[in-house]
Structure formats: C-alpha cells, structure tokens
Amino acid sequence: MRIFAVAFLALVTLAALAPGLLTGGTPDAADALAALQGPSADHLLGTDANGRDVFTRIVYGAAPSLLAGLGATALAVVVGTALGLLAALGGRVVDEIVMRLVEIVLSLPTLLLALLVITVTGPGTVNVIFAIALYTAPSYARLVRAQTMVIRNAGFVEAAVSLGLGRGRIVTRHVLPNAFEPLVVLATIEVGTALVAAASLSYLGLGPQPPAPEWGAMLSAGRDYFSVAWWIAVFPGVAITLTVLSITVVGRRLQRRIA
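Under mature numbering (1 follows the signal peptide of the UniProt record, and there is no 0), the letters of the sequence shown match residues -18 to -1, 1 to 241, in that order.
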C-alpha cells in the first residue's frame, strides 16, 4: 500500500509539473462530434458534454488541485506557527487572547466559514487557499504553542537564556527545530484534508472558473450527465480519492517513523 501511495503521488506530481509528458492533448480542446463518448482507445477515460478528453483534463487538473491543497497547508503552517509562538512567548494576556480567537475559529463549521470568506472575496484559487488556511491555521497554532510551552522550560533553553541569547535566536535555534517534526507530520496529513476542502468549494463553483480544469469542478460538471455519461464525474472523483488516500498513507507512515 505504501509503495502504491508513493508511486501514485509521484505520478500526480508529474502530472502537475509536466502534464505534456502524460498526454498530448490540451484540456480545452472541444469536439462537438465526440461529446459524451465513453472510454475508448481514442479517449481513454471518455469525453465530456463539450467533447473534451476527460483524461487530459484530469491530468491538467492535477496542478490547480494540488496547488490549492499545498498552498492552503503552507499558508496555514506559517500563520499557525506565528500565532502559536506568539501565544506561548507573548505573556499571559497575549496567550489568552490568541487562544480564545483560535477556539472561536475552531468552533465554527469549517465549510460555512470558507463560504463566508469566499462570498466576500470572490471565487478563485487564491481565495480558496486563503479560506481553507483561515480555518486550518488554528490546529497548527495549538500544536506549536504546546510544543513551545514544553521546550521553553527545558534545560538547554534556560542555558541559552542565561548566556544572553535573544528571544529570536532561541526560537530559531531551539524552539522551531524541536517543533519541526510534529509540525511536518500534521501538515502532511492535513494536505489531504485541504485538497478535499478545495475540491468541495470548486464543486460548489467557488474555485477556479470554467473552462479551467479542476477535479472538483469536473466532478460538479459531470453530475448532470451521470445517468448517461458516468465517466465524467467518476474519474475525477477517483483522482481525488486516490490522491487523498495516498497522502494519508504517506502521512501516517511518516508519523510512525517519527514516533
């Protein structure tokens, strides 16, 4: 299972970085005469209602789908780490304020919060990234805060303070390196969650706009034709599922190795 997960993620990454190596077509090439054709030698995964090749669109859809998941996770890690450090090192009042804000965000329904953000900012990949990062950052903030609270009382940190090292150097030399491993494990697992969230928002029409290929949007476009052309929705759904499962397998394996 682990080998399959790594191999599949490598394939998805290749599709995102160099889609032309996997398909010779273009995602927007339409052929009305080939509309709604099933999987065949000419069209490996069939065609959609506009006669566009589903396989080609899935390959080209890997980039925006991964960009949303990875981008949201990266932004959440940065923001969450900053908030966690601020809460742990900023004093009791600052800690109380930051953690109350974190608890408020975590108490809100995640999809509803994302919908509210995108309603204000408008649809698009960048806004989807910001919306997902907003409600996932608190998890990283709590993790970093907890790690920092433990590390700041360690003997080597107290020694560094006695030697006159500034707070910034202590954070970069001692706190962040010791919080790095659990942070990486959480981020690896959460990439899959962010990818599903991005696909869900795209399914609702709030992600990349047509005719841009994106797995969630393709899944949404295929629902109206499911009874006559199931492949339009099924194969993008399979791509999302296998990608998320592969990320989860790799993340769990990494978690066990670090533990």
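Where is the CB? At the ideal position from N, CA and C, for every residue including glycine.
Sub-7 angstroms separation of residue i and residue j beta-carbons
{"i": "Leu27", "j": "Val36", "result": "yes"}
{"i": "Ala181", "j": "Ile214", "result": "no"}
{"i": "Ile133", "j": "Gly53", "result": "no"}
{"i": "Thr63", "j": "Val126", "result": "yes"}
{"i": "Pro190", "j": "Pro46", "result": "yes"}
{"i": "Arg238", "j": "Arg(-17)", "result": "no"}
{"i": "Thr92", "j": "Tyr117", "result": "yes"}
{"i": "Gly7", "j": "Thr38", "result": "yes"}
{"i": "Pro105", "j": "Leu177", "result": "no"}
{"i": "Pro195", "j": "Pro21", "result": "no"}
{"i": "Ala119", "j": "Val61", "result": "yes"}
{"i": "Ala115", "j": "Ala69", "result": "no"}
{"i": "Leu(-10)", "j": "Ser228", "result": "yes"}
{"i": "Ala90", "j": "Val80", "result": "The sequence as given places Leu at residue 90; Ala does not occur at that position. Not closer than 7 angstroms, so no."}
For residue i, the nearest candidate out of the options (CA to CA)
{"i": "Asp13", "options": "Ile100, Leu4, Ala31, Asn160", "result": "Ala31"}
{"i": "Ser230", "options": "Ala128, Ala169, Leu94", "result": "With the sequence shown as reference, residue 230 is identified as Thr, and Ser is not the correct amino acid for it. Answer by Cα proximity: Ala169."}
{"i": "Asp77", "options": "Gly204, Leu88, Arg124", "result": "Arg124"}
{"i": "Thr55", "options": "Thr103, Val153, Ala113", "result": "Ala113"}
{"i": "Leu165", "options": "Gln19, Leu67, Leu15", "result": "Leu67"}
{"i": "Arg155", "options": "Ser209, Val41, Ala58, Thr130", "result": "Thr130"}
{"i": "Leu18", "options": "Val210, Phe217, Val84", "result": "Val210"}
{"i": "Val41", "options": "Ser89, Phe217, Leu65", "result": "Phe217"}
{"i": "Gly233", "options": "Val(-7), Val102, Ile171", "result": "Ile171"}
DSSP bridge partner residues for residue i (one or two, in chain order)
{"i": "Asp35", "result": "Thr29"}
Alpha helix (DSSP H) segment containing residue i, residue limits
{"i": "Leu97", "result": "92 to 103"}
{"i": "Ser202", "result": "197 to 204"}
{"i": "Tyr117", "result": "107 to 133"}
{"i": "Trp213", "result": "213 to 240"}
{"i": "Phe(-11)", "result": "-17 to -2"}
{"i": "Ala176", "result": "158 to 185"}
{"i": "Asp77", "result": "74 to 89"}
Rounded Cβ spacing between residue i and residue j (contact assumed at less than 8 angstroms)
{"i": "Val173", "j": "Gly51", "result": "5 angstroms"}
{"i": "Gly198", "j": "Tyr185", "result": "4 angstroms"}
{"i": "Ala16", "j": "Thr29", "result": "5 angstroms"}
{"i": "Ala179", "j": "Ala96", "result": "7 angstroms"}
{"i": "Ile240", "j": "Leu183", "result": "No, Ile240 and Leu183 are not in contact; Cβ-Cβ is about 31 angstroms, not under 8 angstroms."}
{"i": "Val(-7)", "j": "Thr175", "result": "Wrong, their Cβ atoms sit about 16 angstroms apart, outside the cutoff."}
Check: residue i C-beta below 6 angstroms from any heavy atom of the ligand FAD
{"i": "Ala123", "result": "With respect to small molecules bound, the structure shown includes none, and the ligand FAD cannot be examined in it."}
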